Amino acid sequence: MQEVFNYIDGLFSPSVDGGHLENLNPATGEVISTIPRSLQADVEHAASAALRAQPAWNALSLEQRALWLDRIADALEEKHEHIAQSESLDTGKPIALARRVDAARSVDNFRFFAEFAREQTEMTFKMDDAMNYVHRNGLGVVGLITPWNLPLYLLSWKVAPALLMGNTVVAKPSELTPLTANILAETLHELNLPKGVFNLVHGLGPEVGQAILEHPGIKGISFTGGTATGRIVAATAAPMFKKLSLELGGKNATIILDDADLDIAVKGAVRAAFTNSGQVCLCGSRLLVQSSIADAFLPAFIAEVEAMNIGAPSDETSQISSIISREHLHKVESYIELALQEGGDILTGGTRAMTGPVGPDAHGAYLAPTVIGGLSHLSRCATEEIFGPVVTVHIFDTLEQATEMANATEYGLAGSIWTKDVAQGRALAQTIDTGIVWINTWLHRDLRTPFGGVKNSGVGREGGQWSLGFFSETTNICVIDPK
Ligand code: NAD
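FYI, in the numbering used here the residues of the sequence shown are 5 to 487.
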């Protein structure tokens with residue numbers, strides 16, 4: 005069993021008071037590691053180290069910090085398989101998915117921001133008698149708090165631009181998935197990143213996470229997680245005038261118009277609904293189908309769902325494995341119960357998967373991909389975030405109804421529209437209150453584009469310029485040259 009430590013001021017160490025937590029493999033229920041149960045004193049050490057390290061780090065040129073990002077990307081790439089195996093073990097996700105998405109993107113995040121930095125040009129504004137130079141400085145120390153669904157993918161998405169812009173970091177990964185954050189710390193240590201530039205504290209959200217939010221020396225918080233936690237983050241950090249980026253929950257609509265290419269739309273809707281067992285904030289957990297195509301679309305959709313391979317995370321052919329925990333399994337199952345009470349029909353799934361190595365008595369958190377029909381689009385199952393392998397199906401006649409249904413939740417993160425008429429798709433996309441709409445695709449990311457939610461899905465944007473803007477203080481220097 006692995007013992008994971010905090011990484012503070014260039015040293016791996018247990019928590020100050022020696023407390024620790026157990027970290028489980030969700031596919032088996034076995035303990036795979038311990039992590040420190042850090043408290044305020046640990047955050048104090050991490051923030052002090054980060055504060056000491058920040059002036060020298062900020063004094064490096066953008067190019068020097070971009071070179072660090074290149075080195076980190078290269079070193080992580082060498083650990084691609086180690087990262088994928090650890091992520092699969094920690095989250096219960098299929099190994100093929102962990103390789104293709106988690107490990108690959110963690111490298112890409114560092115590489116992208118290094119290259120993006122090199123494309124930046126200084127912004128200037130010329131006046132008749134003066135010249136203005138826009139300057140970007142690091143904020144100082146930033147707190148990065150991340151969830152369990154895409155652990156290193158999301159942590160590296162924050163660490164790379166934070167370091168690039170001259171900040172030093174206190175990071176807290178989810179207590180459910182600490183392993184790959186530890187690999188990142190080991191990698192930075194091996195590369196001799198100056199001590200204190202990156203600090204990692206493990207533990208529970210209300211303890212160590214809260215201490216990060218409350219620390220007066222931490223000037224910005226980039227948080228990805230649930231909307232309820234986001235409220236606590238905002239309530240704590242906003243009165244301290246900390247800069248805040250909140251990437252929160254979603255309840256995204258996949259909209260199938262009657263002129264969609266059936267085969268492409270079916271495959272796309274299945275991918276949107278069930279990638280990572282529906283545990284991606286962008287997952288299309290509400291399927292809105294135009295009535296005239298419903299009889300053709302729905303049987304094909306259900307057949308495609310039933311053809312997915314359910315199996316152990318280590319099985320190369322698995323498309324659906326364990327969800328994150330038994331606790332989360334109970335939450336997702338409670339929504340399936342609720343759907344029945346709300347008058348829904350289970351069109352497929354709804355049970356713990358019982359194929360292959362995954363028996364009904366297994367300790368793993370397996371659930372078959374589940375499709376529910378017959379519910380109002382205003383029902384709780386169709387409006388609250390379930391964050392599991394569950395999709396509800398709703399039928400609409402007109403585009404106006406599609407818009408009304410898509411917007412009938414408190415969330416506004418993402419969505420997709422499937423149509424051969426791209427102009428019609430774009431017009432519909434503009435009526436949907438979300439941060440991102442994909443047309444004839446899903447989770448198709450250009451890292452330069454803005455990423456983030458509207459309504460209760462978040463505040464602020466990440467990606468490209470938006471990340472550089474968040475992780476810096478923009479100032480203006482106005483110069484009159486007396487010569
Ligand atoms: P969560 O909100 O429970 O936890 C997220 C992180 O916050 C964890 O590290 C947790 O320990 C920490 N935390 C909990 N309480 C805290 C507190 N009081 N103070 C500070 N930190 C605290 O979320 P989760 O269950 O880990 O992740 C799932 C959620 O994340 C879903 O709602 C999903 O939609 C959302 N998510 C959003 C995005 C996005 O980009 N919008 C991406 C991935 C996941």
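Heads up, the beta-carbon is just placed ideally off N, CA and C, and yes, glycines get one too. Bear in mind that the values here come from a model prediction, so they are computed numbers and not experimental data.
Just checking residue i against the ligand SAH - is the residue's beta carbon closer than 7 Å to any of the ligand's heavy atoms?
| i | result |
| --- | --- |
| W422 | Among the ligands present in this structure, namely the ligand NAD, the ligand SAH is not found. |
What does a CB cutoff of less than 6 Å around residue i pick up in its chain, not counting 5 residues either side in sequence?
| i | result |
| --- | --- |
| T228 | T150, P151, L158, E251 |
| A102 | A88, E91, S92 |
| D13 | A53, K199, G200 |
| I440 | A418 |
| G360 | Bear in mind that the predicted position of G360 carries a pLDDT of just 49, short of 50, making it too unreliable to give a figure here. |
| I436 | A410, G419 |
Where does residue i land, buried or exposed, given buried means 16+ other C-beta within 10 angstroms?
| i | result |
| --- | --- |
| E414 | exposed |
| A118 | buried |
| E389 | buried |
| I4 | The requested residue 4 does not occur in the structure, where the chain is confined to residues 5 to 487. |
| L25 | buried |
| E211 | buried |
| G347 | exposed |
| C482 | exposed |
| F400 | buried |
| K223 | buried |
| D94 | buried |
| P243 | exposed |
| Q553 | Because the chain is modelled from 5 through 487, residue 553 falls outside the range shown and cannot be assessed. |
| N480 | exposed |
| P486 | exposed |
| L382 | exposed |
| I268 | exposed |
| D21 | exposed |
Could you check if residue i belongs to the surroundings of the ligand NAD, using beta carbon to heavy atom distance under 7 Å?
| i | result |
| --- | --- |
| I399 | no |
| Q44 | no |
| F391 | yes |
| L64 | no |
| C385 | no |
| W152 | yes |
| S416 | The sequence shown places Gly at residue 416, rather than the Ser named in the question. No - the ligand NAD has no heavy atom lying nearer than 7 Å to the Cβ of G416. |
| T413 | no |
| C1 | Since the first residue of the chain shown is 5 and the last is 487, residue 1 is not available in this structure. |
| S461 | yes |
| I440 | no |
| I260 | no |
| T228 | yes |
| G209 | yes |
| L252 | yes |
| S178 | yes |
| L217 | yes |
| L158 | yes |
| G464 | no |
| G288 | no |
| V145 | no |
| I350 | no |
| G457 | yes |
| V173 | no |
| I236 | yes |
| T567 | Past the edges of the chain, shown from 5 to 487, lies residue 567, and the structure says nothing about it. |
| G272 | no |
| I149 | yes |
| G213 | yes |
Go through its chain and collect everything with a Cβ distance to residue i's Cβ below 7 Å, but skip five positions before and after it.
| i | result |
| --- | --- |
| G473 | none |
| S296 | D262 |
| H448 | W442 |
| Q323 | P98, M312, N313 |
| Y339 | C385, I390, V394 |
| G230 | L252, G253 |
Counting only the same chain and skipping the five closest in sequence on each side, list residues whose C-beta sits under 8 Å from that of residue i.
| i | result |
| --- | --- |
| R430 | I443 |
| E126 | Y137, V138 |
| L73 | F114, R115, F117, A118, A121, A164, L167, L168 |
| S318 | S92, I99 |
| T352 | I306, V309, E310, A372, P373, T374, V375 |
So within the stretch 14-91, which uninterrupted beta strand (DSSP E) runs reach at least 3 residues, ignoring any that extend past its ends? Taking 3 residues as the minimum length, the beta strand (DSSP E) runs contained wholly in the stretch 14-91 are 15-17, 24-28, 35-40, in order along the chain.
In chain order, what are the residue ranges of uninterrupted alpha helix (DSSP H) at least 4 long that sit wholly in the stretch 326-399? Entirely contained in the stretch 326-399, the alpha helix (DSSP H) runs reaching 4 residues are, in chain order, 330-345, 384-387.
Please list the segments of the beta strand (DSSP E) lying wholly inside the stretch 240-278, counting only runs of 3 or more residues, in order along the chain. The stretch 240-278 contains these whole beta strand (DSSP E) runs: 247-251, 257-260.
Secondary structure, alpha helix (DSSP H): runs of 4+ residues fully inside the stretch 105-155: Qualifying alpha helix (DSSP H) stretches, in chain order: 108-122.
Go through the stretch 177-242 residue by residue and report every complete run of the beta strand (DSSP E) that reaches 3 residues or more, in order. Inside the stretch 177-242, DSSP marks whole beta strand (DSSP E) runs of 3 or more residues at positions 202-204, 222-228, from first to last along the chain.
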